[in-house]
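First residue of the sequence shown: 1, per the UniProt record's numbering; consecutive thereafter.
Accompanying notes for the structure given below.
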Amino acid sequence: MAEWLTQPQLISMKDAGEDNLGLLSSLLSQVQEEFHARKSYKNSMLESLVQVAFIYILRHAYSSNPAKRQESRVYMPARIERLLELIDRYYRDHKPVSFYAKLLGVSPTHLNRTVKQLTGGTTQDLVANKLMDTAKRDLIAMPSSVQHIAYSLGFSDPAYFSRFFLKMTGETPRAFRLRERERLAAQDLSL
């Protein structure tokens, strides 16, 4: 996907079919709605919706262009799917990229190149995002201390977890928890 973004192209969607155009239109409406909303995980949701929209466009481009179809490596999305399953399973163990590459039967360089092509990020970014999603969810939903959550996410030092969280979000875990809980309480009062 990153490759397509760096080489702008005109992709005609006129023969995409009404179902696909309707789906794409719906996705773009959701992007617009999410962009203007004040909801938790807004950036994550926007990123996901835009990525899904791009995937639909890329699928159409590949299916309507035989040369591009041959360029696409059909086995890679399946490999990335398997990578995501492995990350779900091992992210709390903070495994290096080489661990995932070995399980997938590729070199770490090849895995990172493939992930970069499809997502624009690295394998380590995928692991970090999974850790962040879980950390945010736990900070909001669980009464556990920040220290306990840090340990449950595989961090041996809660201070390192706090620095990691601050680097990823721009705020400390405690500040995030307070802000989100206040926002949720205000939402509950308005209902």
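Glycine is no exception: its CB is placed at the ideal position from the N, C-alpha and C atoms.
These numbers were taken from a predicted model, which means no experiment stands behind them.
Do residue j and residue i come within 7 angstroms of each other at the CB atom, strictly closer than that value?
i	j	result
V97	P108	yes
T123	L111	yes
L23	E34	no
T118	Y91	One detail in the question is off: residue 118 reads as Leu in this sequence, not Thr. Not in contact: L118 and Y91 (Cβ atoms no closer than 7 angstroms).
L49	L21	no
Report back the beta-carbon spacing between residue i and residue j to the nearest angstrom; my notes put them in contact at under 8 angstroms.
i	j	result
I140	E180	5 angstroms
A135	I149	7 angstroms
From this set, the options, which residue's C-alpha is nearest residue i's C-alpha?
i	options	result
F165	T122, V31, R183, D133	D133
P143	R174, V52, V127	R174
F54	A135, Q147, S25, E81	S25
R82	R92, H94, D93, V106	V106
D15	L184, I57, S29	I57
L104	L86, T119, Q117	L86
R89	G120, V127, V52, T119	V127
K167	Q51, Q147, D125, K42	D125
N129	A37, R59, H94	H94
A186	L84, M13, K39	K39
Does DSSP classify residue i as helix, strand or coil?
i	result
G17	coil
residue 193	Outside the shown range of the chain, which is 1 to 191, sits residue 193, and nothing can be said about it.
Y41	coil
D93	helix
D157	coil
L184	helix
E33	helix
G22	helix
E85	helix
Counting only C-beta atoms, is residue i closer than 7 angstroms to chain C at any point?
i	result
V31	The structure shown contains no chain C, having only a single protein chain.
At the level of alpha carbons, what is the spacing between residue i and residue j?
i	j	result
F176	S152	18 angstroms
R137	E18	37 angstroms
A78	F161	32 angstroms
V146	D157	11 angstroms
A37	K102	42 angstroms
R163	T169	10 angstroms
N43	V31	10 angstroms
I80	Y100	11 angstroms
E182	D188	10 angstroms
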